[in-house]
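Residue numbers (our numbering): 20 to 175.
See the structure below:
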């Protein structure tokens, strides 16, 4: 079975100039773990994950101890989150995207996710444009339905 048979074609994507606030809203609203960053032609430029957003919320090491405090005030850090909203998707995204293609076998795609410690892979066409997203959950559900569900009863 290939990725094209299990991937989601309904994508939530963002432009490189999407605001930090819009990235958070999109992930929350659409209940996704990652947002592919694409240009106007749907070429994949990068990916923004929940983890990358959380990393950007947390101040860097230098900022943490700039005041000379041994124990930083995390409540004060949280109160200053609004100062970080000037970032755009292009500032937050990972430009090194691990992706797959439509004709990739699902177990090869799963292997890539496991080895690279990611939960999803953008799916690109032979022309390099984004056409879908496949997740570990998509593959898990497919394998369950095909191999582990009770015979005669169809998993929903």
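Cβ atoms here follow ideal geometry from the backbone N, Cα and C, with glycine treated the same way.
Beta-bridge pairing of residue i - partner residues as DSSP gives them
| i | result |
| --- | --- |
| residue 133 | Answer is none; residue 133 lacks a bridge partner. |
| residue 144 | According to DSSP, which records beta bridges pairwise, residue 144 is partnered with nothing at all. |
Unbroken beta strand (DSSP E) run spanning residue i, endpoints
| i | result |
| --- | --- |
| residue 56 | 53-57 |
| residue 68 | 63-68 |
| residue 149 | 149-154 |
| residue 111 | From DSSP, residue 111 is part of no beta strand (DSSP E) but of the alpha helix (DSSP H) over 108-111. |
When the options are compared against residue i, the one with the closest alpha-carbon
| i | options | result |
| --- | --- | --- |
| residue 105 | 134, 97 and 75 | 75 |
| residue 115 | 38, 68 and 24 | 68 |
C-alpha distance - residue i paired with residue j, whole-angstrom precision
| i | j | result |
| --- | --- | --- |
| residue 72 | residue 49 | 16 Å |
| residue 34 | residue 59 | 8 Å |
| residue 138 | residue 21 | 17 Å |
| residue 31 | residue 96 | 30 Å |
| residue 148 | residue 159 | 25 Å |
| residue 146 | residue 23 | 15 Å |
Residue interval of the alpha helix (DSSP H) (run including residue i)
| i | result |
| --- | --- |
| residue 25 | Note, residue 25: premise wrong, no alpha helix (DSSP H); not H, not E. |
| residue 115 | Note, residue 115: premise wrong, no alpha helix (DSSP H); not H, not E. |
| residue 95 | 93-98 |
Beta-carbon contacts of residue i that lie in its chain and below 8 Å, excluding the five residues immediately before and after
| i | result |
| --- | --- |
| residue 66 | 53, 54, 55, 56, 112, 113, 116 and 141 |
Close-in-space but distant-in-sequence residues of the same chain around residue i (CB under 6 Å, 5 per side omitted)
| i | result |
| --- | --- |
| residue 150 | 142 and 144 |
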